[in-house]
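With numbering that gives the first Met the number 0, letter number 175 in the sequence shown gets 174, and the count goes up by one each step, no holes.
All C-beta atoms, glycine included, are put in the ideal place defined by N, C-alpha and C.
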Amino acid sequence: MAAVSEEQILKTLGEVIDPDSGKDIVSAGMVKGLQTKEGHVAFAIEVDPAKGAGLEPLRKEAEEAVFDLAGVVSATVVLTADRPASGGQAAPPQAAQGIQGGALGHQPNHGAPEVLPGVNAIVAVASGKGGVGKSTTAVNLALGLAAGGRKVGLLDADIYGPSMPRMMGITGQPNSSDGSNLDAMENYGIKVMSMGFLVEEDTPMIWRGPMVQSALEQMMRDVNWGELDIMVIDMPPGTGDAQLTMAQRVPLSGAVIVSTPQDIALLDARKGLNMFRKVDVPVLGLIENMSYFNCPHCGERSEIFSHGGARKEADRLGMDFLGEIPLDMIIRETSDSGKPIVVSDPESEHAKVYRAIADKIWDKVGGEQTAGPKIVVQ
Ligand code: ADP
Numbered sequence: 000m001a002a003v004s005e006e007q008i009l010k011t012l013g014e015v016i017d018p019d020s021g022k023d024i025v026s027a028g029m030v031k032g033l034q035t036k037e038g039h040v041a042f043a044i045e046v047d048p049a050k051g052a053g054l055e056p057l058r059k060e061a062e063e064a065v066f067d068l069a070g071v072v073s074a075t076v077v078l079t080a081d082r083p084a085s086g087g088q089a090a091p092p093q094a095a096q097g098i099q100g101g102a103l104g105h106q107p108n109h110g111a112p113e114v115l116p117g118v119n120a121i122v123a124v125a126s127g128k129g130g131v132g133k134s135t136t137a138v139n140l141a142l143g144l145a146a147g148g149r150k151v152g153l154l155d156a157d158i159y160g161p162s163m164p165r166m167m168g169i170t171g172q173p174n175s176s177d178g179s180n181l182d183a184m185e186n187y188g189i190k191v192m193s194m195g196f197l198v199e200e201d202t203p204m205i206w207r208g209p210m211v212q213s214a215l216e217q218m219m220r221d222v223n224w225g226e227l228d229i230m231v232i233d234m235p236p237g238t239g240d241a242q243l244t245m246a247q248r249v250p251l252s253g254a255v256i257v258s259t260p261q262d263i264a265l266l267d268a269r270k271g272l273n274m275f276r277k278v279d280v281p282v283l284g285l286i287e288n289m290s291y292f293n294c295p296h297c298g299e300r301s302e303i304f305s306h307g308g309a310r311k312e313a314d315r316l317g318m319d320f321l322g323e324i325p326l327d328m329i330i331r332e333t334s335d336s337g338k339p340i341v342v343s344d345p346e347s348e349h350a351k352v353y354r355a356i357a358d359k360i361w362d363k364v365g366g367e368q369t370a371g372p373k374i375v376v377q
């Protein structure tokens with residue numbers, strides 16, 4: 000079947016009428032960021048943030064109209080509000096929440112989430128700011144959990160910069176075996192979903208808060224995740240309104256915060272803690288990434304960012320300290336090349352550290368100890 004063209008999509012959307020202006024959404028200039036890739040279509044409908052909640056039927060109508068076109072494998076339509084976002088990514092929380100329509104009631108503390116009935120526990124990996132190694136940590140923890148024999152899903156909610164396709168070494172697009180939901184992609188025994196599978200990695204992300212919310216919901220609701228012991232969510236970095244809303248909307252069992260020693264000093268990690276406390280999500284603990292540096296030449300350990308701050312800070316804040324991961328080129332090379340260290344060198348010290356942290360997380364969400372097969376890259 001030939002892939003659908005942009006022209007065909009716009010023609011169809013030209014029949015979808017915005018109830019407020021009475022104009023079709025194409026002539027009203029509301030269709031933004033249309034992207035198609037081998038039958039996967041994604042775009043935003045720009046709306047007045049104050050009307051966000053009431054426009055869910057419009058979003059649905061547009062999505063269904065596009066999905067019904069021949070050659071469309073998936074349609075992801077989200078509402079967006081074009082307003083200067085504070086910190087580059089925040090959206091008005093009331094608009095973002097309104098758009099949800101209540102599909103994901105927040106369940107403080109944990110429990111079988113209604114939206115993902117086959118998923119036992121959902122853990123968010125968050126950071127106070129970008130670039131601290133949150134995604135690298137999330138992927139290695141997910142693999143560490145899988146190494147312990149658990150069925151693991153990895154949801155890349157970092158839709159400003161989805162890195163899971165690359166870090167998990169997965170290319171291509173998801174199929175839909177039942178014709179309605181997308182099948183999660185899979186590698187190293189882990190199920191993965193990311194907007195990165197549906198749009199090119201270098202596509203500028205025009206998305207803002209409300210769009211992030213509905214994209215995330217769709218990745219939870221409209222994906223065949225199957226039965227999972229645990230799902231790891233790579234959150235977008237930062238603690239703005241969009242992250243707060245997400246923390247509220249996803250039925251999280253708990254969250255872990257990744258930070259560098261430097262970032263601890265700058266109090267970014269504390270913001271993360273406060274964010275989850277605000278929405279009653281238990282913070283399972285703090286992970287110090289790029290904690291110290293082992294010189295590959297002389298073997299000497301140097302503590303470039305005043306190592307150890309995280310443990311002290313965690314104590315002070317009443318959080319558990321889950322572990323420290325050194326700054327090491329091998330961690331960067333392996334995750335950036337799609338073979339994270341936990342699978343590419345499972346006997347290494349670093350892999351052991353990740354697995355130990357994964358086990359702590361598993362204990363904290365009430366998981367049973369299992370002794371399953373280890374997954375090793377050939
Ligand atoms: P974030 O998700 O916080 O933005 P990433 O996980 O994408 O951060 O990491 C940013 C960069 O730092 C990546 O190139 C990654 O490979 C690298 N990195 C992350 N953790 C480490 C580490 N412990 N040692 C060396 N490089 C790391």
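Taking the Cα of V77 as reference, the smallest distance to any Cα among L68, L54 and V124 is reached at L54. When Cβ pairs closer than 8 Å are counted between the two stretches, the stretch 168-178 is seen not to touch the stretch 11-29, the count staying below three. Partner residues in a beta bridge of L57, as assigned by DSSP, do not exist. A check of alpha carbon separations from M230 across S4, T238 and M192 identifies M192 as the nearest. Distance from the CA atom of Q261 to the CA atom of A268, rounded to whole angstroms, is 10 Å.
The stretch 148-162 makes contact with the stretch 215-230; the number of CB pairs closer than 8 Å reaches 3 or more. Under the DSSP assignment, Q7 falls in the alpha helix (DSSP H) whose first and last residues are E5 to L12. Sequence-distant partners of E346 (beyond 5 residues in either direction) whose C-beta falls short of 7 Å from its own C-beta are missing from its chain. Rounded to whole angstroms, the separation of the alpha carbons of A123 and D362 is 15 Å. Annotation for S334: the continuous alpha helix (DSSP H) segment containing it runs M328 to D335. Taking a cut-off of 8 Å for Cβ pairs, the stretch 131-149 and the stretch 305-319 do not touch, as fewer than three such pairs fall below it. When distances are taken from the beta-carbon of R276 to the heavy atoms of ligand 1, even the shortest one reaches 7 Å or more. Look at the stretch 121-198 and you find these whole runs of beta strand (DSSP E), each 3 residues long or longer: 121-126, 151-155, 184-186 and 189-193.
Beyond the five residues adjoining it in sequence on each side, V25 comes within less than 6 Å, by CB distance, of L9, L12 and G13 in the same chain, given in chain order. Around the C-beta of A125, 16 or more other C-beta atoms lie within 10 Å, and the residue is accordingly described as buried.
Between V71 and G32 the beta-carbon gap is near 17 Å, outside 8 Å, which marks them as no contact. If you draw a straight line from the Cα of V364 to the Cα of A120, it is about 7 Å long. Within the same chain, Cβ atoms closer than 7 Å to the Cβ of T238 are found at G127, K270, G271 and M274, the five residues on either side in sequence being excluded. The beta carbon of V131 sits closer than 7 Å to at least one heavy atom of ligand 1. Checking the 7 Å criterion, the Cβ of I232 is out of range of every heavy atom belonging to ligand 1. For the set F292, R248 and R310, the Cα lying nearest the Cα of V280 is the one of R248.
For K36, the enclosing beta strand (DSSP E) stretches over residues V30 to K36.
Looking at the DSSP output, D233 sits in a beta bridge with V124 and D155. The C-alpha of G132 is placed about 19 Å away from the C-alpha of I169.
Rounded to the nearest angstrom, the gap between the Cα atoms of E185 and G117 is 17 Å. A Cβ-Cβ distance of about 5 Å is found for the pair L283 and V255, placing them in contact under the 8 Å criterion. DSSP places A1 outside both helix and strand once states are collapsed to three, so it counts as coil. In the DSSP assignment, A43 falls within the beta strand (DSSP E) that extends over H39 to E45. The three-state reading of DSSP puts V77 in strand, counting E and B together. With a cutoff of 7 Å, P325 counts as near ligand 1, since its C-beta is closer than that to a heavy atom of the ligand.
Check the Cα spacing between A355 and each of G322, V114 and E287: the tightest is with G322.
For G253, the uninterrupted beta strand (DSSP E) segment begins and ends at G253 to S258.
With respect to the C-alpha of V40, the residue from L227, L326, G147 and E63 having the closest C-alpha is E63.
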